[in-house]
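With our numbering applied, the sequence shown corresponds to residues 491 to 1217, in that order. From the three backbone atoms N, C-alpha and C, an ideal C-beta is built for every residue, glycine too.
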Amino acid sequence: MAIIFNEENRHFYLEGKDISYIFRINRIGFAEHLYFGRRIGRENMEYMQSIGSGSAYVQMPGERNQSYSYYNPELCFYGTGDYREPTFMVKNPLGDRLCRLHYTGHEILSEKPKIKGMPSLSGGETLVLHLEDELTHFAADLYYTVYDEYPVIARRTVFKNNSDSELVLDRAYSFNLSLSHSNYKILSLQGSWGYERQMQYTDMHRGVVSVDSKRCTSSAILSPFMALLSPDADEDRGIAIGVNLVYSSSFVLKVEGTSEGKGNICGGINDFDFEWHLAPGEELETPEAVIVYSDEGLGKMSRAYHDVYREKLINPRFVKKQRPIVINNWEGTYFNFNTEKLIEMAKAVKGLGIDTFVLDDGWFGHRDDDSTSLGDWFVYEEKLPGGLKPVIDAVHENGMKFGLWFEPEMISEDSELFKKHPDYAIGVPGRDRCKSRRQFMLDLTRADVRDYIVNTVNKIISENEIDYVKWDYNRNVTDNYSLGIPRDRQKEFAHRYALGLYDICERIVNQNPHIIFEGCAGGGARFDPAMLYYFPQIWTSDNTDAEERTKIQYGTSICYPVSAMSCHVSAVPNHQTRRSCEMRTRADIAHLGPTGYELDPTLFTDEDKELVKTQINAYKEDAELVLCGDLYRVENPFEGNYFGFMQVSKDKSRAKLTCYRRMNTKDEIKFVYPKGLDPDKRYYIPEREQTLMGSTIMYAGLQPEFAPRDFVTKVFHFIENLEQEIK
Ligand code: DGJ
């Protein structure tokens, strides 16, 4: 890893594992991008500057006979003949929106500074580039972090008002990345409730392709992620450049095919309905963008994301620690439970290997359906007489820990809280608020509302023996307005919501360091890196059907590690799709991540119990692969009849291949080609009682010999074999 500044040619060389990122300060004093990609030498890269046809010639002030309309900027600014998407828009005291940011200095830091009020990666070496407009003294600090261990560059910008007057930002993106051509396909992750992170491709073209959210959440509709793929790219070959925002509110990412066939990616906080006032001396931090470069296709890009998130983002207290294997009562009972029922459920799983009982929605206020009580975080005594204690005691007696569900950001109209503080709900006074899932949202931009949430949630936690919390979020923001924000600053609402959310997460998570928090948002509608900073695992989707889960988990793995994807075995017919997949299939797919069971275990037969016990034992043996392994995607369910995930230990001594076939086909001859093994190692495959070279397994392939039914799985283990002769 190195960040080097060459004083002579004013080039910055930023080097991470396998990658180089090079820019220079040009004659005018602008930061000019020269190269990003596979590691190269520290040469004079001036020759990379664009030699355009001059058709859009614009002469910069002070420069005679020099066109700068084609220079590739590190940050695009408006009004200079650069017609790309500007990285920011600022309104000056005169009313103009002009700005020219010149280099004023830089620092190279070995300690990565935290972003104030927002999660970000840790570690790495960081360059801070200082730029300022000579006239208005509006300034920007550009942060670049590189790592020895990952082909990753993390980018963000801090916008500063160094002037004596107020400045207003209409746009404040985190980064801009210039591309020397636009011959890419764009991959994004789209979806909806129960169908999150489906792979979607489009071609890059002249003009802008954007993915965004205007919902004050990172959303199930489009994830804060994009990848650019060279035309030949697949899982293992070609170029893949990923961009993922560490952010949970309204975001935008844009890819632009620009003049002369070049390109540009930029993004950050969505500038839709956005404005930010900067008083003299104030600054605005923007969320971090994690950019990965891979020249070995999507597979290497994903593994880089998985590694950097596991090592530099997710809470180290939990990231590699054996996760709870839960029984969650939601699909087993929904709101219809009482103390006796919960105790029966706890007894029913005794001895099966399940270690945590999670009580889901419906334990508080007077909540018997989704129309009431959010915000009233006290126990529903009529349903649970004596409080949570009798349930928790029974759970402990049956050898498990106890977990509890909250939806801290919400308020029901039918609640004590709303009676007392209707103003706590987001909305404009006098205007009917929109309900969604029959509830309103709390105004997290207000400190008093945040204090209420932190105090009430922490109170319940401190009064009970709780080891696990599921933090749910079941609707998106509407009625965007806060009584706590001045009238002329209402467009700060969406970003202030994110800052409020991070504040309550910080305070609740930090005050309860022994608790593992699982994120959730009506399934996986807020699955983003910022949430992973607080919640080492996130409920991947409310859709628990194994068939549909293969796609959801495949898409989610594009940028998030399997250790972050909570996956449960549920009952059949499946509650979302009415499909019935056999128990083995359901478990094989659910056991690809942190796992559990979400059904009524009092309905288990003795045979079911034996099966669950065997499945959990097997899962525990492979847990290390889920938590720390490398993921290789072997079969793509978006493209065919099969799904395949290969989980390989870092030292390549152990691996597991989970294959799935959707539809049975007559006379099928199917080979799968495992990946990620050491070609020179010998592996024992217990399912075949056979030892083969890694090379043989990977290049000659294996036949799964699926059972002749629809929706079936086959699992193979590969265990490095130092003793046995090759059979
Ligand atoms: C949505 C979640 O995704 C479910 O798992 C469950 O917790 C319900 N909310 C409870 O309301």
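- Close CB contacts of valine 839 within its chain, under the 6 Å cut and outside five residues either way in sequence, are with Ile817, Pro1091 (chain order).
- Counting the other Cβ atoms within 10 Å of the Cβ of phenylalanine 827 gives 16 or more, which makes it buried.
- Positions of the beta strand (DSSP E) runs, each at least 3 residues long and wholly inside the stretch 833-891, are given as 846-849 in order along the chain.
- By the beta-carbon neighbour count (other beta carbons within 10 angstroms, threshold 16), valine 1059 is buried.
- Cα atoms of leucine 718 and leucine 842: separation of roughly 45 Å, rounded to the nearest angstrom.
- About 16 Å separates the CB atoms of glutamate 1177 and phenylalanine 1135; that is not less than 8 Å, and the two are not in contact.
- Proximity of the beta carbon of glycine 1012 to ligand 1 is indicated: a heavy atom of the ligand is located closer than 8 Å.
- Bridge pairing for methionine 1136: Tyr1122, Leu1147 [DSSP].
- Under the three-state reduction of DSSP output, arginine 528 falls in the strand class.
- When the alpha-carbon of glutamate 725 is set against those of Leu1212, Ser1047, Lys650, Phe854, the nearest one is in Ser1047.
- Look at glutamine 812 here: in three-state DSSP terms it is coil, with no helix or strand label.
- Taking C-alpha positions only, asparagine 1131 is separated from glutamine 1066 by approximately 21 Å.
- Inside the stretch 706-730, DSSP marks whole beta strand (DSSP E) runs of 3 or more residues at positions 715-719, from first to last along the chain.
- Leucine 1022 is positioned such that its CB atom lies closer than 9 Å to that of glycine 1009.
- Boundaries of the beta strand (DSSP E) harbouring aspartate 702: 697-702, taken from the DSSP string.
- DSSP lists His620, Val648 as the beta-bridge partner residues of aspartate 631.
- For the pair serine 678 and leucine 625, the CB atoms are not nearer than the 9 Å cut-off.
- In terms of side-chain proximity, the C-beta atom of aspartate 851 is found nearer than 8 Å to a non-hydrogen atom of ligand 1.
- Taken in chain order, the complete alpha helix (DSSP H) segments of 4 or more residues contained in the stretch 922-955 are 937-953.
- Excluding five sequence positions before and after arginine 587, the CB atoms of its chain that fall closer than 7 Å to its own CB belong to Tyr568, Gly569, Met579, Val580, Lys581, given in chain order.
- Using a cutoff of 8 Å, the CB of glutamate 686 does not count as near ligand 1, since none of the ligand's heavy atoms is closer than that.
- DSSP links arginine 661 through a beta bridge to Met579.
- For leucine 1182, the uninterrupted beta strand (DSSP E) run begins and ends at 1180-1183, by DSSP.
- Counting every other CB atom within 10 Å of its CB across the protein chains shown gives phenylalanine 715 a total of 16 or more, marking it as buried.
- The beta carbon of threonine 1030 lies closer than 8 Å to those of Glu686, Gly1013, Gly1014, Phe1017, Arg1039, Ile1042, Gln1043, Thr1046, Met1055, Ser1056, Cys1057, Gly1083 in the same chain, with the five residues before and after it left out.
- Relative to ligand 1, the nearest heavy atom lies less than 8 Å away from the CB of asparagine 964.
- Assignment of tryptophan 683 by DSSP, reduced to helix, strand and coil, places it in the coil class.
- The alpha-carbon separation between leucine 735 and tyrosine 1122 amounts to approximately 23 Å.
- Check the Cα spacing between alanine 1077 and each of Tyr537, Cys706, Asp1098: the tightest is with Asp1098.
- Burial state of isoleucine 530 is exposed, judged by a 10 Å Cβ sphere holding fewer than 16 other Cβ atoms.
- Cβ contact annotation for tryptophan 683 (same chain, cutoff 8 Å, sequence separation greater than five): Ala710, Gly1012, Gly1013, Ala1015, Asp1032, in chain order.
- Under the DSSP definition of a beta bridge, leucine 743 partners with Gly757.
- At least one heavy atom of ligand 1 sits closer than 8 Å to the Cβ of lysine 960.
- With respect to isoleucine 493, arginine 532 sits apart: the two C-beta atoms are not nearer than 9 Å.
- In the DSSP annotation of this structure, the continuous segment of the alpha helix (DSSP H) that includes histidine 796 starts and ends at 787-802.
- The continuous alpha helix (DSSP H) containing tyrosine 987 extends over residues 983-1001.
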